[in-house]
Amino acid sequence: MGCAERHFLAARGEWRVATVGGRPAGAGRPEEALAAGSDPRGAAARLACSAPTPGGGGGTMPFDFRRFDIYRKVPKDLTQPTYTGAIISICCCLFILFLFLSELTGFITTEVVNELYVDDPDKDSGGKIDVSLNISLPNLHCELVGLDIQDEMGRHEVGHIDNSMKIPLNNGAGCRFEGQFSINKVPGNFHVSTHSATAQPQNPDMTHIIHKLSFGDTLQVQNVHGAFNALGGADRLTSNPLASHDYILKIVPTVYEDKSGKQQYSYQYTVANKEYVAYSHTGRIIPAIWFRYDLSPITVKYTERRQPLYRFITTRVTMKFNPFVTSDRSKNRKRHFNAPSHVRRKIMSSPLSKELRQKYNVRSMPIRKDDEVQVVRGHYKGQQIGKVVQVYRKKYVIYIERVQREKANGTTVHVGIHPSKSYHYHVGDLFSLLLSLLANCNSGPTQPSLWTTAEK
């Protein structure tokens, strides 16, 4: 067959290239170099014409960059859709969508991480802590209400009035006290009492409601639930009117750092309280509302963090491919099938070579039971699989045209035959060639010496 005839076959799509046994048709043998062409038509014909001849120099084989592709696609002709596969695919897609939305929500949502350490976080405060107090005494006049502050550094302030306000309640019968003041970072107390009044009442009523007691800055965050206002809403209206109230506070320094690195300094506190009527050797002691505090050396730090972009991309790519890789394992096993797993196997010649088959009396031949037939991969056009081109003794071009799977008839391997020259040959040689070729699809021909580097 000359160059003109080969170009003609390539133009008609009758000249294909592929692989046998998972190995490129051109690997190891020059006569299989047609499988390396990137063009299933023109490249095959050009390589056929550039093959070395006994009387002349050899041509140059072009380099196919696609050889580096390790994720080769399986042709649709070799796959069969099933209801089970469709259900698995839909479930995988829904699962991937669920994982994607979960990861996207986690990526957008800011995560708050807390840690503990021993340190004074707010060193620029001058050793002071700001306090905000809002308390109502519905049965005590405003002129009798006062705030006293004292600590272990010797501070003793009676009747603190700076940044404070008294609001009469119940037509002057009660009072609401609101004040902001600072305390030293040492153990001490502040208390609401009548000690600053010019005339002490006989039976002051210390029933009260605490609306707010906080230390430091007020954190305007929603994702941190701490005890920043542990006494807010404390109701002691039903307690003994003549009783004193002790609130023992343990103040914990707290730092909140947002995504931009800005820090806010606040304080949480735990509280324990008791109610009692105090007496001395001279009689009953005037009741008061005491807030005794002490500072903890442990600092709590909250830090806003967001998931890094590279981690989101990594998890996104992983969740996209893992379900399909897992679900596709069963499909991969079907690409290679053994004779015992099917009821019937036979070899047929394609309609393309029907005339030659009848002319040279090439009959269908059964594949041995233990043989393995591997799916042929190559160039495709329509419903035909790319042809595996082989040259045997400069006479025949043998190729596997397609592999067809049927539930009723098992697997059918379609074989095409084309003579490479017009002179006659023995049918027995062709028969032995087909038998050796099809019985050894994975390992190649049983007689490597039969394959020559002659004209393609």
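UniProt numbering puts the last residue of the sequence shown at 456; the count rises by one with no breaks. Yeah, the Cβ is synthetic: ideal placement off N, Cα and C, and Gly gets one too.
The segment 176-233 contains no complete alpha helix (DSSP H) run of 4 or more residues. If you check the CB distance, Asn184 and Asp130 do not come in under 9 Å.
Between the alpha carbons of Gly106 and Gln307 lies a distance of about 7 Å.
Here the C-alpha atom of Ile167 lies approximately 14 Å from the C-alpha atom of His208. Apart from sequence neighbours up to five positions away, the residues of its chain that approach Ile285 with a beta-carbon distance below 7 Å are Ala278 and Tyr279, ordered along the chain. Taking every protein chain shown into account, the CB of Gln268 has 16 or more other CB atoms within 10 angstroms, so this residue is buried. The beta carbons of Thr254 and Val317 sit no closer together than 9 Å.
Sixteen is the threshold: when 16 or more other Cβ atoms of the shown chains lie within 10 Å of the Cβ of Ala288, as they do, the residue is buried. One thing to note: Met206 has its Cβ within 9 Å of the Cβ of Ala243. In this structure Gly146 does not touch Ser102 by the C-beta definition: roughly 57 Å separates them, more than the 8 Å allowed. Listed in chain order, the non-local C-beta contacts of Ile298 below 7 Å within the same chain comprise Leu116, Val118 and Val252, local neighbours out to five positions each way being set aside.
Under DSSP, Arg284 takes part in a beta bridge, and its partners are Tyr279. Residue Tyr302 holds the alpha-carbon nearest to the alpha-carbon of Leu219 among Val186, Asn163 and Tyr302. The three-state secondary structure of Lys123, taken from DSSP, is helix.
Here the alpha carbons of Glu143 and Ala199 stand approximately 10 Å from one another. Around Ser196, the same chain offers Gly146, Val158 and Gly159 as residues with beta carbons nearer than 6 Å, after the five sequence neighbours per side are excluded.
Here Pro187 is not near Arg305, since their CB atoms are 9 Å or more apart. Residue state for Leu101 is assigned as helix, using DSSP reduced to three classes. In the three-state reduction of the DSSP assignment, Gly85 falls in the helix class, which pools H, G and I.
Distance from the Cα of Leu295 is smallest, within the candidate group Tyr276, Ser164, Leu133 and Gly127, for Gly127. In this chain, the beta strand (DSSP E) harbouring Met165 covers Ser164 to Leu169. In the same chain as Tyr256, and ignoring 5 residues on each side of it, the C-beta atoms closer than 6 Å to its own belong to Leu219, Gln264 and Tyr302, in chain order.
Minimum Cα-Cα distance from Asn229 among the listed residues Asn240, Ile210 and Asn223 corresponds to Ile210. In the structure shown, Ile251 falls within a strand segment according to DSSP collapsed to helix, strand and coil. Bounds of the beta strand (DSSP E) holding Ile289 are Ile289 to Leu295. Residue Leu104 holds the alpha-carbon nearest to the alpha-carbon of Arg311 among Leu104, Thr79 and Pro121. Going by beta carbons, Tyr247 and Leu231 fall inside the 9 Å limit. Between the alpha carbons of Phe98 and Val113 lies a gap of roughly 25 Å. Partner residues in a beta bridge of Arg155, as assigned by DSSP, do not exist. Closest by C-alpha distance to Leu309, out of Tyr83, Lys212, Ala272 and Ile108, is Ile108. Ile88 has its alpha-carbon roughly 20 Å from the corresponding atom of Lys73. For the pair Asp69 and Tyr83, the Cα-to-Cα distance works out to about 31 Å. In the three-state DSSP reduction, Lys301 falls in the strand class (E or B).
Going by C-alpha positions, Leu213 is about 32 Å away from Gly283. Looking from the CA of Lys259, the closest CA among Val221, Leu249 and Gly233 belongs to Val221.
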